[in-house]
Amino acid sequence: MAAIQRLHAVRTPVETIVAALERDGAVIVEDFLAPEVLTRFNAELDPLLAAARPGNDGQFVNPLIAAFYGEHVRHVTGLAGKSATFVDEVVVHPLYDAVAKAFLAPVCEQHVLNLGQVMDRGPGAERQLLHRDQQVWHHVPRSVGEIQIASVVALVDFTEANGATVVVPGSNTWDWDRKATDDELAVAEMRAGSAVVYLGSTIHAGGGNTTENAWRRGIHVSFCAGWLRTEENQYLVAGPDRARPLGADARRLLGYTAHDGIMTGGGYLGAVELVSPADLLDAGAL
Ligand SMILES: O=C(O)CCC(=O)C(=O)O
Ligand SMILES: [Fe+2]
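FYI, the numbering for the sequence shown is 1 to 286, going by full-length UniProt numbering.
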């Protein structure tokens with residue numbers, strides 16, 4: 001069985017974390033969330049999860065997605081619209097910013113939040129199909145390189161039995177067609193508050209939950225190049241009323257700043273009335 005390098009969120013220089021990601025495509029970042037943040041976040045999520053139906057009551061974009069997520073996972077999607085802790089502490093987490101800049105700055109002017117959802121893997125959940133998250137943008141030529149950075153943050157202790165994420169270290173450097181064997185899988189067992197961070201090209205899956213009654217509460221959070229269509233529609237998840245009181249960084253990550261590629265030979269994207277929506281928010285016009 002393969003292993004994932006473990007590094008500490010605060011004590012490790014970010015360059016070391018980036019180097020581990022370049023080499024292995026995945027790294028466990030210990031103590032990614034401070035204990036106080038973890039407690040606050042879980043308290044905020046408790047009622048949302050209590051109301052969530054396993055398998056989303058069968059409501060998915062299509063039956064293949066339903067099979068991918070399965071019937072035993074509770075989802076709280078669109079966290080940017082539902083959780084202040086998510087926006088204040090997770091979306092703007094400085095480590096995401098540093099890692100996203102390291103991998104995505106070569107291909108975009110700014111990155112944005114792609115997805116932020118709780119995945120509470122329940123007893124009976126089977127391991128997901130091994131996949132690469134950036135396969136969702138299969139029209140983008142692979143020669144473009146990394147266009148996404150992703151993570152699963154543990155909100156309870158992650159164990160092999162309760163469905164810890166599995167990753168394939170080094171698969172970010174593989175030919176796209178190569179399949180992983182079982183001995184190439186590594187299980188991201190980690191304490192609550194830690195995160196497994198991985199690249200969009202790294203093979204991984206949510207793990208199977210073989211316990212009787214233990215739920216694996218984690219959040220799946222990813223960022224992508226700012227010119228991509230995001231998996232969750234963040235403008236509708238977090239509309240202008242939600243974005244107005246936020247700081248500049250959060251607004252930018254939620255897509256309220258135009259992606260301005262004019263100086264690098266491209267064009268501008270995401271403008272409203274020819275300016276950044278964030279400027280309209282400031283002017284009271286949005
Ligand atoms: O929940 C997990 O551990 C991983 C989920 C995942 O990889 C996905 O839904 O794309
Ligand atoms: Fe995934």
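The beta carbon of each residue, even a glycine, is placed where N, CA and C say it ideally should be. This one's a predicted model, so the numbers in the text were calculated from it and none came from an experiment.
- A distance of 7 Å or more separates the beta carbons of residue 151 and residue 92.
- Secondary structure of residue 114 (DSSP, three-state): strand.
- In terms of CA proximity to residue 46, 74 leads the group 210, 59, 74 and 55.
- By the Cβ neighbour-count rule, residue 241 is exposed, with fewer than 16 other Cβ atoms within 10 Å of its own.
- One Cα belongs to residue 153, the other to residue 43, and the distance between them is close to 16 Å.
- Per the C-alpha coordinates, the member of 247, 277, 183 and 249 positioned closest to residue 2 is 183.
- As computed with DSSP, residue 218 is found in a beta bridge with 119 and 154.
- In this structure, residue 39 has its CB at a distance of at least 6 Å from all heavy atoms of ligand 1.
- At a Cβ-Cβ threshold of 7 Å, residue 28 and residue 103 do not count as neighbours.
- When C-beta atoms of the stretch 95–111 are compared with those of the stretch 171–189, fewer than three pairs fall below 8 Å, so the two segments do not count as touching.
- Between residue 32 and residue 95 a beta carbon distance of about 7 Å is seen, short of the 8 Å cut, so the two are scored as contacting.
- Here residue 225 is near residue 108, since their CB atoms are less than 7 Å apart.
- Around residue 110, the same chain offers 226, 252, 257 and 259 as residues with beta carbons nearer than 8 Å, after the five sequence neighbours per side are excluded.
- Boundaries cannot be given for residue 168, as no beta strand (DSSP E) includes it and DSSP labels it neither H nor E.
- Distance between residue 235 and residue 268, taken at the CA atoms: about 17 Å.
- Annotation for residue 30: the continuous beta strand (DSSP E) segment containing it runs 26–30.
- Residue range 35–50 is occupied by the alpha helix (DSSP H) that includes residue 40.
- Counting only residues of its own chain and dropping the five nearest sequence neighbours on each side, residue 172 has a CB closer than 7 Å to the CB of 25, 199, 201 and 202.
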